[in-house]
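Down below is the structure, laid out as structure tokens.
Protein chains: 2
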Amino acid sequence: MKARQIVLRSRPIGMPTENNFGFEEIEISAPKDGEVLLKSQYISVDPYMRGRMSDEESYIKPFELGKPIDGGAIATVIESKSDILKKGDRVVGMLPWATYSKDKADRLRKIHTDEFPDGYYLGVLGMPGLTAYFGVMDICQPRYGETMVISGAAGAVGLVAGQIARIQGCKVLGITGSDEKVNVLKNEFGFDMAINYKTTKDLSGTISELCPKGVDCYFDNVGGEVSEAIIAHLNYHARIALCGQIASYNTATQEMGPRLLPQILSKSGTIKGFIVGDYQKRFLEGLSHLMTWLKEGKLHYTETIIDGFDKLPYAFLGLFSGKNIGKMLVKVNE
Amino acid sequence: MKARQIVLRSRPIGMPTENNFGFEEIEISAPKDGEVLLKSQYISVDPYMRGRMSDEESYIKPFELGKPIDGGAIATVIESKSDILKKGDRVVGMLPWATYSKDKADRLRKIHTDEFPDGYYLGVLGMPGLTAYFGVMDICQPRYGETMVISGAAGAVGLVAGQIARIQGCKVLGITGSDEKVNVLKNEFGFDMAINYKTTKDLSGTISELCPKGVDCYFDNVGGEVSEAIIAHLNYHARIALCGQIASYNTATQEMGPRLLPQILSKSGTIKGFIVGDYQKRFLEGLSHLMTWLKEGKLHYTETIIDGFDKLPYAFLGLFSGKNIGKMLVKVNE
Numbered sequence: 001m002k003a004r005q006i007v008l009r010s011r012p013i014g015m016p017t018e019n020n021f022g023f024e025e026i027e028i029s030a031p032k033d034g035e036v037l038l039k040s041q042y043i044s045v046d047p048y049m050r051g052r053m054s055d056e057e058s059y060i061k062p063f064e065l066g067k068p069i070d071g072g073a074i075a076t077v078i079e080s081k082s083d084i085l086k087k088g089d090r091v092v093g094m095l096p097w098a099t100y101s102k103d104k105a106d107r108l109r110k111i112h113t114d115e116f117p118d119g120y121y122l123g124v125l126g127m128p129g130l131t132a133y134f135g136v137m138d139i140c141q142p143r144y145g146e147t148m149v150i151s152g153a154a155g156a157v158g159l160v161a162g163q164i165a166r167i168q169g170c171k172v173l174g175i176t177g178s179d180e181k182v183n184v185l186k187n188e189f190g191f192d193m194a195i196n197y198k199t200t201k202d203l204s205g206t207i208s209e210l211c212p213k214g215v216d217c218y219f220d221n222v223g224g225e226v227s228e229a230i231i232a233h234l235n236y237h238a239r240i241a242l243c244g245q246i247a248s249y250n251t252a253t254q255e256m257g258p259r260l261l262p263q264i265l266s267k268s269g270t271i272k273g274f275i276v277g278d279y280q281k282r283f284l285e286g287l288s289h290l291m292t293w294l295k296e297g298k299l300h301y302t303e304t305i306i307d308g309f310d311k312l313p314y315a316f317l318g319l320f321s322g323k324n325i326g327k328m329l330v331k332v333n334e
Numbered sequence: 001m002k003a004r005q006i007v008l009r010s011r012p013i014g015m016p017t018e019n020n021f022g023f024e025e026i027e028i029s030a031p032k033d034g035e036v037l038l039k040s041q042y043i044s045v046d047p048y049m050r051g052r053m054s055d056e057e058s059y060i061k062p063f064e065l066g067k068p069i070d071g072g073a074i075a076t077v078i079e080s081k082s083d084i085l086k087k088g089d090r091v092v093g094m095l096p097w098a099t100y101s102k103d104k105a106d107r108l109r110k111i112h113t114d115e116f117p118d119g120y121y122l123g124v125l126g127m128p129g130l131t132a133y134f135g136v137m138d139i140c141q142p143r144y145g146e147t148m149v150i151s152g153a154a155g156a157v158g159l160v161a162g163q164i165a166r167i168q169g170c171k172v173l174g175i176t177g178s179d180e181k182v183n184v185l186k187n188e189f190g191f192d193m194a195i196n197y198k199t200t201k202d203l204s205g206t207i208s209e210l211c212p213k214g215v216d217c218y219f220d221n222v223g224g225e226v227s228e229a230i231i232a233h234l235n236y237h238a239r240i241a242l243c244g245q246i247a248s249y250n251t252a253t254q255e256m257g258p259r260l261l262p263q264i265l266s267k268s269g270t271i272k273g274f275i276v277g278d279y280q281k282r283f284l285e286g287l288s289h290l291m292t293w294l295k296e297g298k299l300h301y302t303e304t305i306i307d308g309f310d311k312l313p314y315a316f317l318g319l320f321s322g323k324n325i326g327k328m329l330v331k332v333n334e
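Protein sequences, first through last, are from chains A and B.
Per UniProt numbering, residue 1 is the first one in the first sequence, and the count goes up by one each step.
Per UniProt numbering, residue 1 is the first one in the second sequence, and the count goes up by one each step.
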């Protein structure tokens, strides 16, 4: 059968463009034993994928030139040669950016329930939600009454991280990039405070005013000047969960900033970079908490869904200009 | 009785000078109940004391203008009004920079044995040795065969940290500031490798060559460009024990450097600033290991002893130009 897929046509230097992606039509052969044929439903775009576009050593191997981009996706089984999955099953897995694909059934995870919308398994009940959970609970380890700052607060991870911090009894300040997001964070997601870093003239002074007791925990999705302004106000024994550095993903040269190690030392602070895969053995614990909080109404969630397979590059690039509130997904309508 | 003491005459901006210190003659009244009169034997000078010369909030309060500097010292009890200590006892404690002083007996720790030279209790068996122990064992948690880099490797802490890393089975690279120290580290203290950062043209390239498997642990006493060169070669899940930042203690303005958080994130690294006081409950564990390694000949130690109370400011300032190998102490001969 015929399918369309999106490949890495060229590696970006600095900010990627639509030209880095190429569309191809391909023929998919019939599934062999143990394989299933899949129809893509939702495809996830995530900031970490920018790293895979470059040819750099990392915890996950780079995309290959001329080969399809792959990432988190939800698909429906349309034909099965496996005992594990049957036609009509919905699955989540690492799939190519393609309208249809073929895969080994044992590489996929079946969605067993209709309690939550399918898209949740790419967001609050997927990698972003688990990332938020372990970053807050294991790295920040917040105590009741502490102050936590979240950068990239309206993104897929930040939105969940801030709410988990609230559930733990923290006073939470979200840093985000538009007035609309400030309102959403405060009015729909219960953040105690939120600011638009793009229009805040004295970011460091404002953080100091909003966090009069200092910053105990910082969940960093962004890096750059925002992080530098926050790190200036750490409390003794502060903890920083280093989850993302989106501000620097598209810089082609080494950026300079104030040296931070002296500040970290003087506060006996901890900075821990992590990826959710480090916590694989505890995924069930995380999922169980996230599901419970969702059902109890303590945790809210939202998605920015872009319609149409062809919009995948557009949606991905939109992550770097802050087009999304919550998880950015592309709905495949073919 | 009469004594001489050294007070903070003025707060330095940037590098301190001898003019920041003032000498005074004082009268010490007879000890009251619970107090002892002390004759200073050895006074410790330590890089962290630079922070206390500034009027900045920290884990330890600043020295007061016009009041004596205080720090680690070993003294002999010459008169006692306490049941805890008797005349002739040797003690270690936080004492003023003075030839004689008076203190509450319960603030002092008695030296019970002659197994080790008294000076060791300000070094390898004092705060520097314990700092090295917990930084390596608790923060770096090295595994057999890993590569550990130590900056400030010939200092009181670095010298011990490097040897503990060797005892744990690490391959150890020491970074230091003179060819003499390079030789000492390699030939007397068993460091696998050592380099003089002042004469190494391409520091980053040299570290890369000497650590072909990358850097798993970094024990940082120095900061600045040396740390930046090392952090460029971290392995996945690398651990950095942030113990000192002597390169920046005397800079009056905010220094700029390459942004390090993206590198830490991409390696899922951990940076943890600490002071030895965080480990108070485990001091006996640390001391017991350090004493055992000393007795077994696995751990070696050296001191740079400057003669004469008047030389205290000189000795302290010498820390910032690398005049010491191992612990810098002043012997009080009055």
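Where a beta carbon is used, it is the ideal one built from N, C-alpha and C, also for glycine.
Buried or exposed, going by whether 16 or more other CB atoms sit within 10 Å of the CB of residue i?
i         : result
B/Tyr-133 : buried
A/Gly-145 : exposed
B/Gln-254 : exposed
B/Ile-175 : buried
B/Gln-280 : exposed
A/Ile-231 : buried
B/Leu-317 : buried
A/Glu-334 : exposed
B/Met-256 : exposed
A/Glu-296 : exposed
B/Thr-147 : buried
B/Thr-270 : buried
A/Lys-327 : buried
B/Ala-30  : exposed
Please name the residue, chosen from the options, that lies closest to residue i on a Cα-to-Cα basis.
i         : options                                    : result
A/Ser-321 : A/Lys-331, A/Tyr-249, A/Thr-292, A/Lys-298 : A/Tyr-249
A/Met-49  : A/Leu-173, A/Leu-37, A/Thr-176, A/Met-94   : A/Met-94
A/Asp-307 : A/Leu-329, A/Leu-8, A/Ile-195              : A/Leu-329
B/Ala-156 : B/Arg-166, B/Gly-244, B/Gly-169            : B/Gly-244
B/Ile-28  : B/Asp-103, B/Lys-331, B/Val-7, B/Gly-66    : B/Asp-103
B/Tyr-218 : B/Met-137, B/Leu-317, B/Tyr-59             : B/Met-137
A/Gly-88  : A/Asp-278, A/Gln-41, A/Ile-69              : A/Gln-41
B/Thr-200 : B/Asp-220, B/Leu-185, B/Asn-183, B/Ser-178 : B/Ser-178
A/Arg-109 : A/Thr-131, A/Tyr-100, A/Thr-99, A/Lys-86   : A/Lys-86
B/Thr-135 : B/Tyr-100, B/Gln-163, B/Thr-113            : Checking the sequence shown, residue 135 of chain B turns out to be Gly, not Thr. If we check each option's Cα against that of B/Gly-135, B/Gln-163 comes out closest.
Between which residues of its own chain and residue i is the CB-CB distance below 7 angstroms, once the five residues before and five after are set aside?
i         : result
A/Ile-84  : Ala-105, Asp-106
A/Ile-111 : Arg-90, Val-91, Val-92, Asp-118, Tyr-121
A/Pro-12  : Asn-20, Met-53
A/Asp-33  : Lys-81
B/Lys-2   : Glu-25, Glu-27
B/Ile-60  : Arg-52
B/Ile-325 : Ala-154, Lys-181, Val-184, Thr-302, Thr-304
A/Asn-235 : Gly-214, Val-215, Asp-216, Lys-267
Kindly examine the ligand MN and report whether one of its heavy atoms sits closer than 7 angstroms to the Cβ of residue i.
i        : result
A/Asp-33 : The ligand MN is not part of the structure shown, which contains no ligands of any sort.
In its own chain, which residues sit with a C-beta less than 8 angstroms from the C-beta of residue i, not counting the 5 before and 5 after it?
i                      : result
A/His-233              : Ser-204, Ile-207, Ser-208, Cys-211, Gly-214, Val-215
residue 335 of chain A : Residue 335 of chain A is absent from the structure shown; chain A starts at 1 and stops at 334.
B/Ile-167              : Trp-293, Lys-298, Leu-299
Would the beta-carbon of residue i fall within 8 angstroms of that of residue j?
i         : j         : result
A/Ala-161 : A/Pro-142 : no
A/Trp-97  : A/Ile-43  : yes
A/Val-222 : A/Gly-152 : yes
A/Glu-188 : A/His-300 : yes
B/Asp-278 : A/Ser-268 : yes
A/Leu-319 : A/Pro-47  : yes
B/Gly-71  : B/Gly-126 : no
B/Val-172 : B/Ile-150 : yes
B/Ser-58  : A/Ser-266 : yes
A/Leu-130 : A/Phe-283 : yes
A/Val-276 : A/Phe-309 : no
Below 8 angstroms on the Cβ atoms is my contact criterion, and I expect residue i with residue j to pass it. Report the Cβ-Cβ distance as a whole number of Å.
i         : j         : result
B/Arg-4   : B/Glu-24  : 7 angstroms
B/Gly-224 : B/Ala-247 : 3 angstroms
B/Glu-285 : B/Pro-258 : In fact, because the Cβ distance is near 38 angstroms, the residues do not count as touching under 8 angstroms.
A/Val-36  : A/Leu-312 : Rounded, the Cβ-Cβ distance is 22 angstroms, inconsistent with contact.
A/Leu-260 : B/Leu-260 : 7 angstroms
Apart from the five residues on each side of it in sequence, which residues of its chain come closer than 6 angstroms, Cβ to Cβ, to residue i?
i         : result
A/Ala-252 : Ile-13, Gly-14
B/Gly-66  : Val-7
A/Asp-192 : Lys-171, Val-172
A/Tyr-314 : none
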